[in-house]
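Peer 1:
Protein chains: 2
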Amino acid sequence: MLNAEIIAVGSEMLTPYRVDTNSLWLTEQLNALGIEVRMKVVVGDDEARLDETIRIALKRSNIIISTGGLGPTEDDITRKVFARVLARRLQLHQPTLDRLRARFAKRNMKMPEINARQALVPERAQILENTNGTAPGLMMREQRALVFLLPGPPREMKPMFESSIVPILRQEAGQSFIRRRKLSIFGLSESGVDEIAAPIYSRYKNPETTILADRGVIELHLAARARSVGEGDLLLTEVSDQLEEALGHYVFSSNGESLETVVGQWLKFRSATLAVAESCTGGMLAARLTDIAGSSDYFVEGVVAYSNEAKIRILGVDEDLIVAHGAVSSEVAEAMADGIRRLAGSTFGVAVTGIAGPGGGTEEKPVGLVYIGLSEEAGTTSRKYLFPGDRYLIRNFSVNAALDMVRRRIR
Amino acid sequence: MLNAEIIAVGSEMLTPYRVDTNSLWLTEQLNALGIEVRMKVVVGDDEARLDETIRIALKRSNIIISTGGLGPTEDDITRKVFARVLARRLQLHQPTLDRLRARFAKRNMKMPEINARQALVPERAQILENTNGTAPGLMMREQRALVFLLPGPPREMKPMFESSIVPILRQEAGQSFIRRRKLSIFGLSESGVDEIAAPIYSRYKNPETTILADRGVIELHLAARARSVGEGDLLLTEVSDQLEEALGHYVFSSNGESLETVVGQWLKFRSATLAVAESCTGGMLAARLTDIAGSSDYFVEGVVAYSNEAKIRILGVDEDLIVAHGAVSSEVAEAMADGIRRLAGSTFGVAVTGIAGPGGGTEEKPVGLVYIGLSEEAGTTSRKYLFPGDRYLIRNFSVNAALDMVRRRIR
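One line per chain: the protein sequences are A and B, in this order. The first sequence maps to residues 20 to 430 in this note's numbering. The second sequence maps to residues 20 to 430 in this note's numbering.
(1) Are the region 289-297 of chain A and the region 319-337 of chain A touching, with three or more C-beta to C-beta distances below 8 Å?
(2) Along the chain, where does the beta strand (DSSP E) containing I197/A start, and where does it finish?
(3) Just to make sure I have the definition right: I need the residues of chain B whose C-beta is within less than 7 Å of the C-beta of D94/A. Which are they?
(4) Taking C-alpha atoms, which residue in L255/A, P385/A and D409/A lies nearest to K403/A?
(5) Can you tell which of S183/B, L188/B, L89/B and L239/B has the C-alpha that lies nearest to the C-alpha of S210/B?
(6) Would A305/B count as contacting chain A if we go by Cβ distances under 8 Å?
(7) Got a sec: which bits of the region 102-122 of chain B sit with their beta carbon under 8 Å from any beta carbon on chain A, in order along the chain?
(8) What residues in its chain sit with their C-beta under 7 Å from that of A192/B, if we drop five residues either side in the sequence?
(9) How long is the line joining the alpha carbons of Q113/B and M303/A, rounded to whole angstroms?
(10) Name, please, each residue of chain A whose Cβ falls closer than 8 Å to the Cβ of S221/B.
(11) Would you verify that the beta carbon of N327/A is, or is not, closer than 8 Å to some beta carbon of chain B?
(12) Is the CB of G378/B under 8 Å away from at least one CB in chain A?
(13) Below 7 Å between beta carbons is the criterion; list the residues of the region 150-167 of chain A that meet it against any residue of chain B, in chain order.
(14) In chain B, which residues lie with their C-beta within 7 Å of the C-beta of V236/A?
(15) Go ahead and pull the three-state DSSP assignment for V72/B.
(16) Please specify which runs of the beta strand (DSSP E), each continuous and at least 3 residues long, are wholly inside the region 110-162 of chain B, giving them in chain order.
(17) Over what stretch of residues does the beta strand (DSSP E) that includes S272/B continue unbroken?
(18) Quick one, which of A245/A, A144/A, A232/A and R427/A has its alpha-carbon nearest P226/A's?
(19) Beta strand (DSSP E) containing I237/B: first to last residue?
(20) Chain A beta carbons: is any one of them nearer than 8 Å to that of A265/B?
(21) If you follow the beta strand (DSSP E) that I25/B is part of, which residue opens it and which one closes it?
(22) Provide the residue span of the alpha helix (DSSP H) that contains I187/A, from first to last.
(23) Determine whether the beta carbon atoms of G87/B and G29/B lie at a separation below 8 Å.
(24) List the endpoints of the continuous alpha helix (DSSP H) containing F167/A.
(25) Taking all protein chains shown into account, decide if K78/A is buried (16 or more other Cβ within 10 angstroms of its Cβ) or exposed.
(26) Sorry if obvious, but does the Cβ on L262/B come closer than 7 Å to a heavy atom of the ligand SAM?
(27) Give a yes or no on whether the minimum CB-CB distance between Y404/B and chain A is below 8 Å.
(28) Are any of the Cβ atoms in chain B nearer than 8 Å to that of R8/A?
(29) Using 8 Å as the threshold, is the C-beta distance between V347/A and I374/A below it?
(30) Can you check whether the CB of I26/B is closer than 8 Å to the CB of I83/B?
(31) Would P141/B count as contacting chain A if we go by Cβ distances under 8 Å?
(32) State the CB to CB distance for the pair G283/A and S314/A, rounded to an integer number of angstroms; the pair is presumed to be in contact (CB under 8 Å).
(33) Quick one: what does DSSP say V62/A is sitting in, helix, strand or coil?
(34) What does D65/A reach in chain B if we use C-beta pairs closer than 9 Å?
(35) What is the C-beta distance between P141/A and R107/A, in whole angstroms, given that I count them as a contact (C-beta under 8 Å)?
(36) Use the C-beta contact count for M128/A: other C-beta atoms within 10 angstroms, 16 or more gives buried, fewer gives exposed.
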């Protein structure tokens with residue numbers, strides 16, 4: 020089995036503020052190809068240490084992937100140091116320089132001269148096209164190792180890895196696969212899911228199952244080792260079928276789709292439309308729904324009615340209702356949901372009202388209290404939640420709960 | 020100046036699901052003591068690689084901190100491998116064993132025999148008490164380096180570091196501090212910022228300056244090493260004053276505040292209010308603004324008008340305008356901004372309309388074309404942008420550009 024080492028380059032990765040998330044994504048991709056990640060190193064813009072790190076990696080790893088340090092500035096040292104260690108001269112690559120100039124010209128900008136550095140390429144290196152940025156990636160084949168230099172920004176690194184590197188590594192890795200599946204669950208706690216799931220997954224050593232929680236969404240990750248894709252998928256299916264049956268309607272996806280994707284698919288399938296009225300989530304619910312390309316097919320409109328006055332004026336909520344029950348109440352959540360559905364002329368109206376904190380909580384209505392209303396022609400319902408955590412978590416929990424409420428209603 | 024290297028031990032850190040957050044916290048603590056983190060390594064439960072990693076670290080680093088791998092099971096290898104590399108025998112430490120047994124007894128449990136491993140201590144090591152768990156930490160003084168072995172769980176590692184290690188390191192480091200400052204810039208490209216900034220910062224070795232880009236926001240990170248907080252801040256100010264002057268109004272913050280925070284502060288200061296109308300950003304602008312606790316003081320409301328029909332009906336955009344110029348045009352952006360300002364009765368109305376892709380682009384109006392309108396009583400303006408990248412980036416660039424447009428108008 021091939022093993023890989025990931026080297027993140029950049030002094031910003033050695034501050035308290037930045038964490039190397041690229042390596043997590045790369046690990047997932049490499050595992051899918053049956054390649055194990057055996058080391059990860061973070062090194063600053065420090066030529067001596069990067070030099071040493073590369074020399075050691077070349078001795079012990081089959082596949083070496085660096086991220087970052089390919090920018091146009093003085094402190095971007097990756098190209099230079101790898102070229103030195105691998106004893107390859109850096110040469111100006113004219114087609115890359117032309118592409119860089121054209122990229123700037125397209126935006127009516129003159130290329131700053133320092134960007135020409137990004138067209139320097141070590142001898143015998145293969146260029147990996149960067150469709151989302153200026154720095155091209157580089158691949159070099161050494162006697163014992165394959166070396167890849169990738170840009171740091173995930174938006175540039177990921178498509179480059181998928182389109183240029185996966186095909187190469189698939190050939191290198193041969194017949195060894197790690198197949199993964201993810202069950203996404205909403206509406207149960209992490210320990211609630213584990214109580215149901217552990218009696219099933221703990222009977223299997225292959226696939227291995229891990230449980231993770233992210234803003235109210237619980238994920239069961241299954242990983243199977245196999246000699247073929249088919250064998251791996253069979254191993255996964257045996258366990259995931261049992262888990263899906265035991266967890267029932269709490270499972271919203273078994274292929275990594277997000278709640279907003281699943282909701283969008285159901286809306287399309289039913290030729291239904293949706294409009295949203297938000298108070299405490301302040302636009303996050305609309306933003307999540309419109310994250311999906313093509314969401315204009317079913318997402319009609321959204322209103323962020325932060326003030327009571329906006330709830331009354333735009334959504335037509337009865338002022339007496341707010342006076343009698345407060346803006347954070349099932350009555351107001353339902354009136355907001357009705358209001359946005361009528362305003363938009365949509366099939367469904369969903370509304371969120373709550374107290375995200377840190378201020379604004381009382382003994383009777385504490386921080387974390389959230390009501391979600393769902394309106395359709397046949398009638399209107401609402402649900403009360405009390406979410407733990409801070410403003411960030413409460414807002415995210417609320418969005419997930421609202422999406423899940425639509426999903427359960429429509430499926 | 021002392022430099023540190025952090026080694027995270029454990030195969031779970033080499034999966035796609037776990038990120039080494041301990042090292043971020045440790046970096047913050049070490050920086051506060053004037054100790055720079057120069058390397059971070061993640062190694063699995065792999066004796067050969069951990070052995071090699073320790074040997075290299077001993078050659079180049081003054082302070083070596085490992086986290087994890089001190090548990091009671093077979094795959095917890097940290098104690099054993101460090102002892103071997105440092106040529107110290109492992110000895111049973113009776114007081115630690117007694118403490119472990121007492122800890123279990125207190126909870127009416129018999130200590131599993133494997134836990135006795137946690138009482139094995141390398142010769143001449145100092146024991147660091149673990150108030151929240153079973154594994155004690157260990158400190159060993161070598162000729163050229165101080166070595167600390169800490170448990171992996173943050174709730175055990177952090178109090179141990181604070182109570183046992185900080186006093187030791189404070190003595191070792193003497194009067195040495197790292198002070199940091201961040202200038203946040205919008206409206207210039209990364210290389211555009213560097214062309215202006217490099218002639219200034221490259222004249223200084225202390226502070227060191229690093230440049231980073233994140234969704235259109237460019238950050239200059241300055242780090243100064245000094246013998247006192249005051250001296251460090253003086254070094255920072257000398258450089259950052261020059262940078263701020265050269266970069267002028269492009270700098271929106273010099274203390275790490277986000278664009279939405281700065282905009283909120285200005286709105287509060289001017290007793291002004293804001294309402295937003297969004298098309299392609301689909302609620303993200305409102306969500307960013309309402310991320311800030313207390314934003315209800317100045318954020319009145321938002322409308323996500325995805326369809327032309329919603330732009331006409333809610334925002335009062337003239338249908339003829341959309342027919343004549345298209346929904347993505349400066350005319351419609353301005354009409355949306357006027358519309359939301361009137362609807363909300365706010366000081367400012369800001370509107371975003373554009374083509375986020377991947378579909379919907381034409382030769383005349385390509386993906387990435389975005390208009391931002393800004394309305395106030397004195398008049399309405401708009402700006403045209405052509406953003407690079409994919410749907411995610413275009414939406415994020417648009418939100419930042421809209422926030423920056425408000426900032427420039429109001430300051």
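Each residue gets a CB set at the ideal place from its N, CA and C atoms; glycine is no exception.
Peer 2: The short version:
(1) yes
(2) F196 to F205
(3) T229
(4) P385/A
(5) L239/B
(6) yes
(7) none
(8) L21, L52, G53 and I54
(9) 57 Å
(10) E93
(11) no
(12) yes
(13) N151
(14) Residues of chain B passing the Cβ test: none, with the nearest at roughly 14 Å.
(15) Here the sequence assigns Thr to residue 72/B, which means Val is not the residue at that position. T72/B: helix per DSSP, three-state reduction.
(16) 139-141, 145-147 and 156-160
(17) V270 to S272
(18) A245/A
(19) V236 to A245
(20) no
(21) N22 to V28
(22) V185 to A192
(23) Inclusion of G87/B and G29/B in the CB contact set at 8 Å is warranted, their separation being smaller than that value.
(24) Looking at the DSSP string, F167/A is not in any alpha helix (DSSP H); the run it does join, the beta strand (DSSP E), is L165 to L169.
(25) exposed
(26) For the ligand SAM, the structure offers nothing, since it holds no ligand at all.
(27) Closer than 8 Å: no.
(28) Outside the displayed range of chain A (20 to 430) lies residue 8/A, so it cannot be described from this structure.
(29) yes
(30) yes
(31) no
(32) 6 Å
(33) strand
(34) R57 and M58
(35) That belief holds up - the Cβ atoms of P141/A and R107/A are roughly 4 Å apart, short of 8 Å.
(36) Exposed is the call here.
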